[in-house]
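Numbering (the numbering used here), first residue to last: 473 to 984.
Before any comments, here is the structure.
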Amino acid sequence: MPANTQLQLTSQRVLSLPKRVRRSSVIAALLALALALSACSRPTTLQKIKAEGVLHVITRVAPSIYYQGRDGATGYDYELVQLFAEHLGVELRVRVAEDNTEILSVLTQDFAHVGFAGLSGQKQFQGQMRALATGIEVESVVVYHRDSSKPEALADLTDKPLHVVADSNHEPQLEQARIGAPRLSWQVHPGLDAAGLLARVETGELPYAVVSSNELALNHVFFPDVKEAIPLGPPRELAWLFPAMQDQSLIDAAGQFFEILAEDGTIEQITERFYGHLNRLNYVGALTFVRHTEKRLPEYERLFRSYADQFAIDWRLLAAIGYQESHWRPRATSPTGVRGLMMLTRSTAKYVGVKNRLSAEQSIRGGAKYLTIVHDQIPNRIEEPDRTWFALASYNVGFGHLEDARILTEQAGKNPDRWLDVKEFLPLLAQKEWYSQTKFGYARGHEPVIYVQNIRRYYDVLVRMTDPAATPDIVPADDSLTRPSNDGEALMAAPEIQAALPDQLTDVPPTL
Numbered sequence: 473m474p475a476n477t478q479l480q481l482t483s484q485r486v487l488s489l490p491k492r493v494r495r496s497s498v499i500a501a502l503l504a505l506a507l508a509l510s511a512c513s514r515p516t517t518l519q520k521i522k523a524e525g526v527l528h529v530i531t532r533v534a535p536s537i538y539y540q541g542r543d544g545a546t547g548y549d550y551e552l553v554q555l556f557a558e559h560l561g562v563e564l565r566v567r568v569a570e571d572n573t574e575i576l577s578v579l580t581q582d583f584a585h586v587g588f589a590g591l592s593g594q595k596q597f598q599g600q601m602r603a604l605a606t607g608i609e610v611e612s613v614v615v616y617h618r619d620s621s622k623p624e625a626l627a628d629l630t631d632k633p634l635h636v637v638a639d640s641n642h643e644p645q646l647e648q649a650r651i652g653a654p655r656l657s658w659q660v661h662p663g664l665d666a667a668g669l670l671a672r673v674e675t676g677e678l679p680y681a682v683v684s685s686n687e688l689a690l691n692h693v694f695f696p697d698v699k700e701a702i703p704l705g706p707p708r709e710l711a712w713l714f715p716a717m718q719d720q721s722l723i724d725a726a727g728q729f730f731e732i733l734a735e736d737g738t739i740e741q742i743t744e745r746f747y748g749h750l751n752r753l754n755y756v757g758a759l760t761f762v763r764h765t766e767k768r769l770p771e772y773e774r775l776f777r778s779y780a781d782q783f784a785i786d787w788r789l790l791a792a793i794g795y796q797e798s799h800w801r802p803r804a805t806s807p808t809g810v811r812g813l814m815m816l817t818r819s820t821a822k823y824v825g826v827k828n829r830l831s832a833e834q835s836i837r838g839g840a841k842y843l844t845i846v847h848d849q850i851p852n853r854i855e856e857p858d859r860t861w862f863a864l865a866s867y868n869v870g871f872g873h874l875e876d877a878r879i880l881t882e883q884a885g886k887n888p889d890r891w892l893d894v895k896e897f898l899p900l901l902a903q904k905e906w907y908s909q910t911k912f913g914y915a916r917g918h919e920p921v922i923y924v925q926n927i928r929r930y931y932d933v934l935v936r937m938t939d940p941a942a943t944p945d946i947v948p949a950d951d952s953l954t955r956p957s958n959d960g961e962a963l964m965a966a967p968e969i970q971a972a973l974p975d976q977l978t979d980v981p982p983t984l
């Protein structure tokens, strides 16, 4: 009913009343009408955001959510919400909280539009906030120090308290689990995050803890003495959290935007960026790498830094390549003639001006120069970090084979400019039915995929070790260098060096 018609009918009803009640009735009717009109004209949450021009987010620092990388803010949830803000045409403002307790408090009071706490939409949130799943499934997993006895079931943890962070996914599942294991107990640590718990399990201070599987995956390489035991329950999707005081307009808009990102492959690409290189480094590999960063890296760090600066490369990326190639051994040699710390072939060494491949300085300088060459070969239209990942693959298997894989990718209807897609087709170069269709023929296509994953992981560790406050973002410092290139020969690790690594890290045989 139109507001003016409703006002006329209300006036008529009031005038028909006796005078003694007419005045109070008029006041009551007008108040009711004012409230009704106010409700009709009240803007939605989404309209308010667009009117203000700002989307307010509350989050905490975690590799899986939000952090300051070398090139600015990043993180899985941050990348998504940045795109969402751009989609809405508004500014994104991020407030960083100390922990989940603060995030939940802010959301409960409706002091932010959306919150990232690394939580799923749990039942205890009902009535306090709404949840929108983001596509990342996680489990609450029990972890233990490798010298402790491994629990095979929750009943094995009777009288062995578990340790958890405050306001996590884990407590509700522990409450449920205690129905079948009444003596199950746990201690909450309000001042710690998942990394803090893992660090204490690593030192043996805490024998058992519960963390989210994604946070374990992102941090596991830094805590090689921590092992995964059992999950508390089935996987659950992580969620964005919205205050219950808001209407449904913002969460609906975000849900529709997620559908767009899922259809065009953006969510898959962001997932690959933050999770695609994990689980490549097991206990032995991680322990060996950390030991070598302490014993071997200091001898060559100055050279890595110096030549990385000269060729505008992040020195830790250059060092990660050197480790993958030789474990930082300047006299490493393969039966096929690949030699030195950066394992240069004879022809590549000649091309980049290296006369003595067993000289650590010459080898590192040659490797840095060659990396800039292969990086410059990658088309400018390919955005980072994919461009660097393609450059690493080219450094390993050769530019020609990489181009063959990109052509196969495009022929299959996928994106040849996305590492996520191309890494599916590189292994096909080892199969005759596929490599017979290509210009450069056969290649051990699994090798560059593993090679890139390993280097990304080594790089992660070096960033954390050299700058504990940072979380890695593998992008070159500058991609403006221009160098000619001829054949893009592969530079591979020596098999006798690779043999010292576990199976996951030994799949890169010598140069073709």
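Yeah, the Cβ is synthetic: ideal placement off N, Cα and C, and Gly gets one too.
The beta strand (DSSP E) spanning residue i covers which residue range?
| i | result |
| --- | --- |
| residue 737 | Note, residue 737: premise wrong, no beta strand (DSSP E); not H, not E. |
| residue 659 | 658 to 661 |
| residue 681 | 680 to 684 |
| residue 529 | 526 to 531 |
Output the boundary residues of the alpha helix (DSSP H) element that contains residue i.
| i | result |
| --- | --- |
| residue 559 | 548 to 560 |
| residue 891 | 891 to 897 |
| residue 642 | 642 to 649 |
| residue 446 | This structure leaves residue 446 out entirely; the chain is present only between 473 and 984. |
| residue 637 | Not the alpha helix (DSSP H): residue 637 falls in the beta strand (DSSP E), residues 634 to 637. |
| residue 799 | Taken as a continuous stretch (DSSP letters only), residue 799 belongs to no alpha helix (DSSP H), as it is neither H nor E. |
| residue 843 | 832 to 849 |
| residue 822 | 818 to 823 |
| residue 931 | 918 to 938 |
| residue 786 | Premise fails: residue 786 is in no alpha helix (DSSP H) and is neither H nor E. |
| residue 673 | 666 to 675 |
| residue 905 | 904 to 907 |
Give me the Cβ distance between residue i and residue j, rounded to the nearest whole Å; I'm assuming they're in contact under 8 Å.
| i | j | result |
| --- | --- | --- |
| residue 627 | residue 667 | Rounded, the Cβ-Cβ distance is 29 Å, inconsistent with contact. |
| residue 695 | residue 670 | 5 Å |
| residue 714 | residue 613 | At roughly 27 Å, the Cβ-Cβ gap does not stay under 8 Å, so residue 714 and residue 613 are not in contact. |
| residue 603 | residue 534 | Between residue 534 and residue 603 the Cβ distance is about 18 Å, and since that is not below 8 Å, they are no contact. |
| residue 569 | residue 606 | Rounded, the Cβ-Cβ distance is 18 Å, inconsistent with contact. |
| residue 840 | residue 813 | Residue 840 to residue 813, Cβ: 11 Å. No contact. |
| residue 698 | residue 673 | 5 Å |
| residue 521 | residue 562 | 6 Å |
| residue 548 | residue 732 | No, residue 548 and residue 732 are not in contact; Cβ-Cβ is about 17 Å, not under 8 Å. |
| residue 630 | residue 650 | In fact, because the Cβ distance is near 11 Å, the residues do not count as touching under 8 Å. |
| residue 617 | residue 679 | 6 Å |
| residue 721 | residue 580 | Going by Cβ atoms, the distance from residue 721 to residue 580 rounds to 19 Å, so no, they are not a contact pair. |
Shorter than 7 Å, the distance from the beta carbon of residue i to the closest heavy atom of the ligand FAD, or not?
| i | result |
| --- | --- |
| residue 748 | The ligand content of the structure shown is nil, which means the ligand FAD is not present either. |
Let me confirm a value: residue i is counted as buried when at least 16 other C-beta atoms fall within 10 Å, else exposed. Which label applies?
| i | result |
| --- | --- |
| residue 819 | exposed |
| residue 962 | Low local confidence applies: a pLDDT of 26 at residue 962 is under 50, so the model's placement there is unreliable, and no value is given. |
| residue 771 | exposed |
| residue 851 | exposed |
| residue 639 | buried |
| residue 683 | buried |
| residue 836 | buried |
| residue 776 | buried |
| residue 868 | buried |
| residue 948 | Confidence at residue 948 is low in this model, with a pLDDT of 39, below 50, so the placement of that residue is unreliable and no value is reported for it. |
| residue 523 | exposed |
| residue 717 | exposed |
| residue 920 | buried |
| residue 583 | exposed |
| residue 781 | exposed |
| residue 834 | buried |
| residue 565 | exposed |
| residue 774 | exposed |
| residue 675 | exposed |
| residue 600 | exposed |
| residue 592 | buried |
**OP:** Would you be able to state if there are at least three C-beta pairs under 8 Å between the stretch 697 to 706 and the stretch 629 to 649?
**Re:** Segments in contact, yes.
**OP:** Mind listing, in chain order, the continuous alpha helix (DSSP H) runs of no fewer than 4 residues lying wholly within the stretch 563 to 631?
**Re:** Listed in chain order, the complete alpha helix (DSSP H) runs (minimum 4 residues) inside the stretch 563 to 631 are 572 to 580.
Subject >> Inside the stretch 688 to 733 only - beta strand (DSSP E) runs reaching at least 3 residues >> reply: Counting only runs of at least 3 residues, the stretch 688 to 733 fully encloses the following beta strand (DSSP E) elements, listed from N- to C-terminal order: 698 to 703, 708 to 715.
Original post:
Is the stretch 785 to 803 touching the stretch 920 to 936, taking contact as three or more C-beta pairs under 8 Å?
Top reply: Here the stretch 785 to 803 lies against the stretch 920 to 936, with 3 or more beta-carbon pairs under 8 Å apart.
Original post:
Are there three or more Cβ pairs, one per stretch, closer than 8 Å when the stretch 728 to 748 is compared with the stretch 612 to 632?
Top reply: Using a Cβ-Cβ distance cut-off of 8 Å, the stretch 728 to 748 and the stretch 612 to 632 are not in contact, since fewer than three pairs of beta carbons, one from each stretch, lie closer than that value.
Subject >> Segment contact, 8 Å Cβ cut-off, at least three pairs: the stretch 626 to 641 with the stretch 716 to 733 >> reply: No, they do not touch.
**OP:** Count the C-beta pairs between the stretch 850 to 859 and the stretch 907 to 926 that are closer than 8 Å, then say yes if the count reaches three, no if not.
**Re:** Taking 8 Å as the limit for Cβ pairs, the verdict is that the stretch 907 to 926 does not touch the stretch 850 to 859.
Original post:
Taking contact to mean at least 3 C-beta pairs separated by less than 8 Å, is the stretch 918 to 926 in contact with the stretch 677 to 693?
Top reply: With the cut-off at 8 Å, the stretch 918 to 926 and the stretch 677 to 693 do not touch.
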